[in-house]
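Asker: Heads up, the sequence shown is in this note's numbering, so the first residue is 16 and it goes up one at a time. Built from N, CA and C at the ideal position, the CB exists for glycine as well. No experiment lies behind these values; they were computed from the predicted model shown. Before I ask anything, here is the structure I am working with.
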Amino acid sequence: MHWNSLFIMSDSQTVIKNMESYVSTIPEGPLLMYDNLTDRTVLERVGGHVNVPADEKRGIQDHFLASFSLAYKISDHAIGTISSNVFRVLVQLLGAERKMVQTETVGPLATSLDTPEGWAG
């Protein structure tokens, strides 16, 4: 099953809002999908993951894992930054699921927006 959609994962509410604004300008553009139950503003407000109060952190982590699992199962292609550990894991899972390996920054599994040394898919 395929949808004309973008599944967005970010720990920044600003990024999510910017994507909402951008996608709304595209006629018949894709559906923007993301976890709208998570309050990402807390990450920006407290200055990062390590400063998030424990009671809020658990909920954020649970929602992240659920979103990540869904993204890897339904995504045809991922776009992200390979310098992100989360993106690297996503590419590895996509490769394992499809029995493929990607060794370049642009390939059948993913497109990396950065090109650090040592890309190994």
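1. Can you give the Cα-Cα distance for T40 and L47, rounded to whole angstroms?
2. Taking Cβ to Cβ, would you say L109 is nearer than 8 Å to S90?
3. Have a look at Q76 and I94 and give me their C-alpha separation to the nearest angstrom.
4. List the endpoints of the continuous alpha helix (DSSP H) containing M48.
5. On the premise that Q28 lies in contact with E59, defined as a C-beta separation below 8 Å, what is that separation, rounded to the nearest angstrom?
6. Between the alpha carbons of L105 and M34, how many angstroms are there, rounded?
7. Please state if the CB of P42 and the CB of S20 are separated by a distance shorter than 8 Å.
8. Quick one: which unbroken alpha helix (DSSP H) runs of 4-plus residues sit fully inside the stretch 23-79? Chain order, please.
9. Excluding the 5 residues flanking S82 on each side, which residues of the same chain have their C-beta closer than 7 Å to its C-beta?
10. What are the partner residues of L21, as DSSP defines its beta bridges?
11. What's the C-alpha gap between H92 and T126?
12. Please identify the residue among V38, D54, S98, K32 whose C-alpha is closest to the C-alpha of F79.
13. Could you name the residues of the same chain whose beta carbon sits closer than 7 Å to that of P123, not counting the 5 residues immediately before and after it, in chain order?
Answerer: Walking through what the data contain:
1. Residue mapping note: residue 40 aligns to position 25 of the sequence shown, counting from 1. Residue mapping note: residue 47 aligns to position 32 of the sequence shown, counting from 1. Each residue's alpha carbon lies about 12 Å from the other.
2. Start at 1 with the first residue of the sequence shown, and residue 109 comes out as number 94. Start at 1 with the first residue of the sequence shown, and residue 90 comes out as number 75. In this structure, S90 lies closer than 8 Å to L109 by Cβ.
3. Residue 76 sits at position 61 when you count from the first residue of the sequence shown. Residue 94 sits at position 79 when you count from the first residue of the sequence shown. Answer to the nearest angstrom: the Cα atoms are 21 Å apart.
4. The residue given as residue 48 occupies position 33 in the sequence shown. No alpha helix (DSSP H) contains M48, which is instead part of the beta strand (DSSP E) from 46-48.
5. Sequence index remark: in the sequence shown, residue 59 carries index 44 (1-based). Sequence index remark: in the sequence shown, residue 28 carries index 13 (1-based). That pair is a contact at about 6 Å.
6. Residue numbering aside, residue 105 sits at position 90 when the sequence shown is read from its first letter. Residue numbering aside, residue 34 sits at position 19 when the sequence shown is read from its first letter. Looking at the two C-alpha atoms, the distance is approximately 20 Å.
7. In the sequence shown, the residue the question calls residue 20 occupies position 5. In the sequence shown, the residue the question calls residue 42 occupies position 27. In this structure, P42 does not lie closer than 8 Å to S20 by Cβ.
8. 28-38, 56-61
9. The residue given as residue 82 occupies position 67 in the sequence shown. M24, D50.
10. If you number the sequence shown from 1, residue 21 lands on position 6. Paired residues: L47.
11. Translated into the one-based positions of the sequence shown, residue 92 becomes position 77. Translated into the one-based positions of the sequence shown, residue 126 becomes position 111. Between H92 and T126, the C-alpha separation is close to 8 Å.
12. Looking up residue 79 in the sequence shown gives position 64. Answer by Cα proximity: D54.
13. Mapped onto the sequence shown, residue 123 falls at position 108. Excluding positions up to five away in sequence, the list reads M115, Q117.
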